[in-house]
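Colleague:
Protein chains: 2
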Amino acid sequence: MKAVAEPRGAAGVRRRLSEVIGAAAKVFAQRGYHGASTQDIADVLGIRQASLYYYFDSKEAALEAVCRDGHEAYVERLLRIARSDASASEKVAQVLLHHAAPERLDFTLVFLRERRFLPGPARKRIRALELRYERAIQRIVEQGIRSGEFRSDLDARMTTLALLGLGNSAAVWYGREPDVTPERMLRAYIDLLVRALRLTH
Amino acid sequence: MKAVAEPRGAAGVRRRLSEVIGAAAKVFAQRGYHGASTQDIADVLGIRQASLYYYFDSKEAALEAVCRDGHEAYVERLLRIARSDASASEKVAQVLLHHAAPERLDFTLVFLRERRFLPGPARKRIRALELRYERAIQRIVEQGIRSGEFRSDLDARMTTLALLGLGNSAAVWYGREPDVTPERMLRAYIDLLVRALRLTH
DNA sequence: CTCGAATTCTATTGTGCTATAGAATCGCCA
DNA sequence: TGGCGATTCTATAGCACAATAGAATTCGAG
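Chains A and B are the protein sequences, given in the same order.
The first sequence begins at 28 in our numbering and counts up by one.
The second sequence begins at 28 in our numbering and counts up by one.
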């Protein structure tokens with residue numbers, strides 16, 4: 028899997044760094060942060076363990092990079108959905124679709140499970156990203172309530188957490204349950220949620 | 028927290044073992060299995076690190092004990108709910124209430140996050156418990172569908188996973204979100220799920 | 001073809017952790 | 001009280017790991 032003779036422009040530099048972060052994400056996702064060794068990451072890249080320290084000051088810094096890298100793209104896609112002029116129901120569906128998309132699953136899983144092992148300052152930085160994400164979802168829910176599309180007795184905060192919880196659980200189940208395809212799971216989850224939020228008439 | 032001069036009958040023996048398992052659960056929940064050292068567990072108990080090996084053959088065995096201990100009680104309570112003659116909706120509510128009950132949270136969190144680090148044979152043994160649990164929930168959902176209480180177009184398997192996912196996410200959020208009390212969260216979750224499953228009329 | 005920066009390498013240090021061996025202590029019961 | 005099993009202790013082996021220092025190599029730009 029080693030990249031042979033990659034051109035070395037500024038783009039090449041960034042790409043190589045992404046590869047390294049990707050390798051860390053893969054290994055952290057599989058073995059957990061503390062269960063993974065820097066040697067494991069180096070093996071994926073086909074380089075020596077010590078060479079990793081050209082890219083990271085420490086193993087913890089690698090974890091932060093994985094968490095940040097993974098979540099930044101996430102936040103961005105979410106904000107695009109939130110800004111669209113779709114109905115609240117459609118937005119909820121799209122949020123679930125994107126949140127539990129099986130691409131970059133390694134990053135998602137590492138973020139979900141391992142971010143708590145970040146040292147204090149790094150955890151705070153990641154937490155800030157997280158809050159933007161949660162608040163964007165909550166605004167969608169509140170929009171749905173205000174517009175009369177959703178039930179007015181919803182607890183917006185709890186509903187947000189439910190949406191996140193469902194999405195996260197989907198990510199966890201891919202790869203563990205062979206009969207669970209993302210399509211089947213997402214269809215069921217979206218259906219469930221939208222029915223639960225909408226006014227019954 | 029050290030037990031001073033505990034009487035040593037057969038009951039005392041079992042209780043001491045429970046204390047040791049409880050200490051392991053606490054430490055594994057806090058730091059993760061690989062992030063926790065046997066020294067950490069010994070510190071909680073006020074004994075020496077090596078003394079733990081009187082109770083366990085290995086750290087992995089301790090993890091299995093925590094997972095088993097935690098989940099066995101879980102399965103038992105669930106089966107009692109399943110056998111009751113309550114309606115499917117009531118059962119779903121009770122399952123969520125019990126599943127996300129904040130007692131023995133350490134055991135739950137360790138089971139959710141760390142069981143995947145068990146070595147093959149042990150993981151298989153734990154997986155068997157898990158399947159009993161999932162199947163019991165799925166039977167409740169199917170009962171609700173057959174009786175006409177729930178929508179007939181539900182995907183019972185996905186619905187089961189949704190219920191589990193919601194319950195698990197609740198467990199994860201206790202202690203992370205200060206404004207989330209178990210009561211508030213469970214009320215919202217139960218309301219959401221029951222509305223989503225019931226026939227609308 | 002050469003210079004220099006980017007990248008990877010070799011070699012090593014020190015630390016922390018699991019697990020084992022065997023000695024010492026504790027507390028119940030005869 | 002003395003013995004015995006249950007429990008905890010001291011001491012240490014042995015390994016895996018993160019991280020540093022500095023040398024060697026690679027590759028594109030000029």
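Every residue, glycine too, gets a C-beta built ideally from N, C-alpha and C.
1) What do you get for B/SER45, buried or exposed, if any count of 16 or more other CB atoms within 10 angstroms of its CB means buried?
2) With DSSP collapsed to three states, give me the class of A/PHE83.
3) Can you list, in chain order, the residues of its chain with a C-beta nearer than 6 Å to that of B/MET212? Leave out the 5 residues immediately preceding and following it.
4) I'd like to know if A/LEU132 contacts chain B, where contact means its C-beta is closer than 8 Å to some C-beta of that chain.
5) Strictly below 9 Å CB to CB, what residues from chain A border B/PHE144?
6) Please state whether DSSP places B/ARG131 in a helix, a strand or coil.
7) Is A/GLN76 buried or exposed, if buried means 16 or more other CB atoms sit within 10 Å of its CB?
8) Excluding five sequence neighbours on each side, which residues of the same chain lie with their C-beta closer than 8 Å to the C-beta of B/LEU124?
9) Listed in chain order, which residues of the segment 160-181 of chain A have Cβ atoms closer than 7 Å to some Cβ of chain B?
10) Can you tell me where the alpha helix (DSSP H) holding B/VAL168 begins and where it ends?
11) So what does DSSP say about A/ARG107, is it helix, strand or coil?
12) Does B/GLY192 come within less than 8 Å of chain A when only Cβ atoms are used?
13) Quick check: the Cα distance between B/ALA56 and B/THR135, rounded to an integer number of angstroms?
14) Report yes or no: is there a C-beta of chain B within less than 8 Å of the C-beta of A/ALA32?
15) Return the Cβ separation of B/ALA109 and B/ILE167 in integer angstroms, given the expectation that the two are a contact with Cβ distance under 8 Å.
16) DSSP beta-bridge partners for B/PHE177?
17) Thinking C-alpha only, which one of B/ARG178, B/ALA100, B/LEU132 is nearest B/ALA52?
18) Kindly indicate which residue of A/GLU117, A/LEU193, A/ALA63, A/ALA89 has the alpha-carbon position closest to the one of A/PRO146.
19) Got a sec, what are the start and stop residues for the alpha helix (DSSP H) A/GLU117 sits in?
20) What's the C-alpha gap between B/PRO34 and B/GLY202?
21) Distance cutoff 8 Å, beta carbons only. Does B/TYR216 sit that close to anything in chain A?
22) Quick one: is B/MET28 buried, meaning 16 or more other Cβ sit within 10 Å of its Cβ, or exposed?
23) Can you check whether the CB of B/GLU204 is closer than 8 Å to the CB of B/LEU156?
24) Rounded to the nearest angstrom, how far is the Cβ of B/ILE164 from that of B/LEU190, given a contact under 8 Å?
25) Give a yes or no on whether 8 Å exceeds the smallest Cβ distance from B/LEU79 to chain A.
26) With respect to the alpha helix (DSSP H) encompassing B/GLY194, which residues constitute its N-terminal and C-terminal limits?
27) To the nearest angstrom, report how far apart B/ARG107 and B/VAL119 are at their CA atoms.
28) Quick check: is the beta carbon of B/THR227 nearer than 8 Å to any beta carbon in chain A?
29) Closest by CA to A/LEU226, which one among A/GLY73, A/ALA115, A/VAL40?
30) Which of helix, strand or coil does DSSP assign to A/GLY97?
Modeller: Checking against the coordinates, here is how it stands:
1) exposed
2) coil
3) ALA197
4) no
5) ARG58, GLY59, GLY62
6) coil
7) exposed
8) LEU213, ILE217
9) none
10) 147-173
11) helix
12) yes
13) 9 Å
14) Because the pLDDT of A/ALA32 is 39, which lies under 50, any placement of that residue in the model is unreliable, and the number read from its coordinates should be weighed accordingly. It does not: the Cβ of A/ALA32 has no partner Cβ on chain B nearer than 8 Å.
15) 6 Å
16) B/ARG225
17) B/LEU132
18) A/ALA89
19) 115-126
20) Low local confidence applies: a pLDDT of 48 at B/PRO34 is under 50, so the model's placement there is unreliable, and no value is given.
21) yes
22) Reliability fails at B/MET28, whose pLDDT of 36 lies under 50, so the model's placement of it is uncertain and no value is given.
23) no
24) 6 Å
25) no
26) 183-200
27) 13 Å
28) yes
29) A/ALA115
30) helix
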